[in-house]
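Everything on this sheet refers to the single structure shown next.
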Amino acid sequence: MDRRNQSTVSEFVLLGLTNSWEIQLLLSVFSFLFYLASMMGNLVIVFTVTLDAHLHFPMYFLLANLSVIDVLFCSIIAPKMICDIFKKRKSISFCGCFTQIFFSHAVGGTEMVLLIAMAFDRYVAICKPLHYLTVMSPRMCLYFVVTSWVIGFIHSLIQVVFVVNLPFCGPNVLDSFYCDLPRLLRLACTNTQELEFMVTVNSGLISVGSFIVLVISYIFILFTVWKHSSGGSSKAISTLSAHITVVVLFFGPLMFFYTWPSPTSNLDKYLAIFDAFITPFLNPVIYTFRNKEMKAAMRRLCSHVVHYWKIS
């Protein structure tokens, strides 16, 4: 593919979030701390689930994969944003911009499907407990994970293939701190109404559709728990509330980005901060502090590490 005949733009200039030095300083500290906490929290979940035999169950396998996705998702945007905060001229190359778009949509699409798989896991565990280990077999769990990645990459590829061939002849200024399709399409030197509609359908309606499916699923599961209330209902409700919180935090900003007809210059940028930094940080917090098995496994892992250091 020869871009020279299609575009004279070799890079895009990012305006960032603000020109205020004080706010930039605050954002740099905020971004670095949340990025570090997100990486550490999610990696702890991955290592805990992998190393602790007590957590070798489908729910925790899917949770570990969600943590891997969160590590990747916050690493696509966060490091460059942190490095760019104090740069006078923030820029990203043409290839770098589309690489960022491709992987952010691929990982985001993967997380959508994985959250649906986690809802299905909870449905089987609560509504059909006697068949849980049969239905959620290791093969089925692997199928869910592979399918989520395949759908995520297809979802992203469909959009990028069409947009990368657009002519970009200037201007090349993006009023944001990262590359994304809605703002990028406005810089193309051609009519992009059809592509904007495609992005809305591909990203917006998929986000809304997945969110509706998940909400209906969890309402049905909660109704089943209430209908067959027993001694374990409080544990089930606690687990479900954690899952619902994650769903709302993840899908809220996405639905605003891709379904709002005319994104504002500030609100969507700050919602993107929430999606890029806070959501990956809150996921491990929600799942660890509300899960007794996970907290017990983390204590066992810490005791093993301390014991190993003492005898070393």
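Residue numbers (this note's numbering): 6 to 317.
No residue lacks a Cβ here, since even glycine has one placed at the ideal position from N, Cα and C.
On a predicted model such as this, the values are computed, not experimentally measured, just so you know.
Option in the options with minimal Cα separation from residue i
i, options, result
"Asp75", "Glu116, Gln105, Thr195", "Glu116"
"Ser208", "Leu227, Pro187, Leu192, Val155", "Pro187"
"Ala42", "Trp26, Phe286, His309, Val310", "Phe286"
"Arg295", "Ile242, Thr139, Ile82", "Ile242"
"Met45", "Gly214, Leu77, Glu199, Tyr137", "Leu77"
"Ser72", "Met141, Asn47, His59, Thr53", "Asn47"
"Phe125", "Leu276, Ser142, Phe158, Gly113", "Ser142"
"Gly113", "Leu147, Leu135, Ile159", "Ile159"
"Val165", "Phe99, Leu19, Phe216, Val311", "Phe99"
"Ile217", "Tyr313, Val230, Thr195, Val253", "Val253"
Neighbour-count burial assignment, residue i, 16 or more Cβ in a 10 Å radius
i, result
"Cys88", "exposed"
"Cys79", "buried"
"Ser212", "buried"
"Asn10", "Its pLDDT being 44, under 50, Asn10 is placed unreliably by the model, and the measurement read from it follows with that caveat. Asn10 is exposed by the Cβ-count criterion."
"Asp7", "Note that Asp7 has pLDDT 45, beneath the 50 cutoff, so the model's placement of it is unreliable and the number below is only indicative. Label assigned to Asp7: exposed."
"Asn170", "exposed"
"Gly175", "exposed"
"Leu138", "exposed"
"Pro258", "buried"
"Arg94", "exposed"
"Phe279", "exposed"
"Ser36", "buried"
"His61", "exposed"
Contact check, residue i vs residue j, beta carbons under 8 Å
i, j, result
"Leu67", "Met123", "yes"
"Asn177", "Phe39", "no"
"Ile121", "Leu56", "no"
"Asn70", "Val14", "no"
"Phe255", "Thr284", "yes"
"Ala302", "Thr104", "no"
"Val168", "Leu190", "yes"
"Val129", "Thr152", "no"
"Phe173", "Leu192", "yes"
"Ala281", "Ala83", "yes"
"Arg127", "Thr23", "no"
Per DSSP, cross-strand counterpart(s) of residue i
i, result
"Val18", "Ser96, Val178"
is_contact[residue i, chain D] using C-beta, thresh 8 Å
i, result
"Thr23", "In the displayed structure, chain D is absent; only one protein chain is listed."
Three or more beta-carbon pairs under 8 Å between the region 80 to 100 and the region 180 to 199, yes or no?
With contact defined as three or more Cβ pairs closer than 8 Å, the region 80 to 100 and the region 180 to 199 are in contact.
Tell me whether the region 292 to 312 and the region 244 to 253 touch, counting them as touching only if at least three CB pairs, one residue from each stretch, are closer than 8 Å.
Contact between the region 292 to 312 and the region 244 to 253 is present: three or more C-beta pairs spanning the two stretches fall below 8 Å.
Count the CB pairs spanning the region 105 to 115 and the region 26 to 40 that are closer than 8 Å, and state whether there are at least three.
The region 105 to 115 is not in contact with the region 26 to 40.
May I ask you to verify whether the region 222 to 233 touches the region 191 to 210, counting CB pairs closer than 8 Å and requiring at least 3?
No contact exists between the region 222 to 233 and the region 191 to 210.
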